[in-house]
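Undergrad: In our numbering, the protein residues as written are 76 to 338.
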């Protein structure tokens, strides 16, 4: 499978929604044991999630390290019977050693969800931690942590830092945070295009209706493909410019990447 672009959350205590999420077209489905589940329903969510993973694939967002529910989550997910566990999303990621510990215990891929100033400060170390295969941005909690508005301007530094940290660690481009407006596809599509322009490679979704707009936003348009083909054709003919743009190796590399990203 190619690197996932669309990551869809589904509450872990709502097993009747699991199949719908799995059929949504999302590249990755995250069974959520953390924010989407009330404290009194953590145990039932854990049980429902485990039942699903015995025979069907999914990721799991566990409760944060240091919380009362974290150990129970890890112990349950370490069960070898959960053969279809694809990976774990670790919220409030701040310590590379604890991420490595989760990986050592469960033995699966780790997505480090960066949601605090400390996590951002350690972003490259988190990206290089044993078992970590991707960084993701918890934009809502991050804005709360630094007491900022959830605006593009306020969160630009954080987003760019995660993109650079992923590149330095040799990981795929990071996954952007959620768009809370689940009813307007234009909003999530615009947010996804913005994230793609900053260097992100995917986005977290909170509703099946967001999956297609996000996937479309991360897919090259026909205009993008036409430009890429014209650039490569011009280079093959010995031309040095296309529509007034100098065709040098970085331009050629971008054109090749656009064509590689086409479905």
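Every residue gets a Cβ at the ideal spot worked out from N, C-alpha and C, and that includes glycine. All values derive from a computational prediction rather than experimental measurement.
(1) Taking a contact to mean a Cβ-Cβ separation below 8 Å, would you say residue 85 touches residue 108 in this structure?
(2) Does the separation of the CB atoms of residue 164 and residue 125 fall below 8 Å?
(3) Using beta-carbon positions only, say whether residue 88 and residue 139 come within less than 8 Å of one another.
(4) Please report how far the alpha carbon of residue 322 lies from the alpha carbon of residue 231, in whole angstroms.
(5) Is there contact between the region 115–122 and the region 93–100, where contact requires at least three CB pairs shorter than 8 Å?
(6) Counting along the chain, where does the beta strand (DSSP E) carrying residue 283 start and finish?
(7) Suppose you measure from the CA of residue 228 to the CA of residue 218; what does that come to, to the nearest Å?
(8) Considering only DSSP beta bridges, list what residue 95 is partnered with.
(9) Sorted by chain position, which residues of the same chain lie with C-beta nearer than 7 Å to residue 305's C-beta, five sequence neighbours on each side aside?
(10) If we call anything under 8 Å between Cβ atoms a contact, is residue 189 one with residue 237?
(11) DSSP three-state label for residue 144, please.
(12) Can you give the Cα-Cα distance for residue 242 and residue 136, rounded to whole angstroms?
(13) When the Cα of residue 307 is compared with those of 276, 263 and 331, which residue comes out closest?
(14) At 3 residues or longer, what runs of the beta strand (DSSP E) sit wholly inside the region 243–311?
TA: On the basis of the coordinates in this document:
(1) For residue 85 and residue 108, no; Cβs fall outside 8 Å.
(2) no
(3) no
(4) 30 Å
(5) no
(6) Here residue 283 belongs to no beta strand (DSSP E), and DSSP marks it neither H nor E.
(7) 11 Å
(8) Answer by DSSP bridge pairing: none, since residue 95 is not bridged.
(9) 317
(10) yes
(11) The three-state reading of DSSP puts residue 144 in coil, since its state is none of H, G, I, E or B.
(12) 24 Å
(13) 331
(14) 277–280
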